[in-house]
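Residues in the sequence shown are numbered consecutively from 20, following the numbering used here.
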Amino acid sequence: MFTFLKNVSREMKKVSWPTGNELMRYTVTVLVTVAFIAVFFGIVDFGISQGLELITG
């Protein structure tokens, strides 16, 4: 177990971590993408609901 944790620590030092500016840019990109997808599926859901409402009367 100790060897495993030692290897994990060694590998984590090799990781190229993003800078604060990069991290902010990636975070904004993810949030905008999630918001866009949520709005898109909300509109699709509304459209399907309205279509079914017209069909079933």
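Every residue, glycine too, gets a C-beta built ideally from N, C-alpha and C.
- Per DSSP, reduced to three states, the secondary structure at Val34 is coil, with no helix or strand assignment.
- Secondary structure note for Gly76: it is in no alpha helix (DSSP H), with a DSSP letter that is neither H nor E.
- Judged by DSSP in its simplified three-state form, Met43 adopts helix.
- In this structure, the alpha-carbon of Phe55 lies about 17 Å from that of Gly66.
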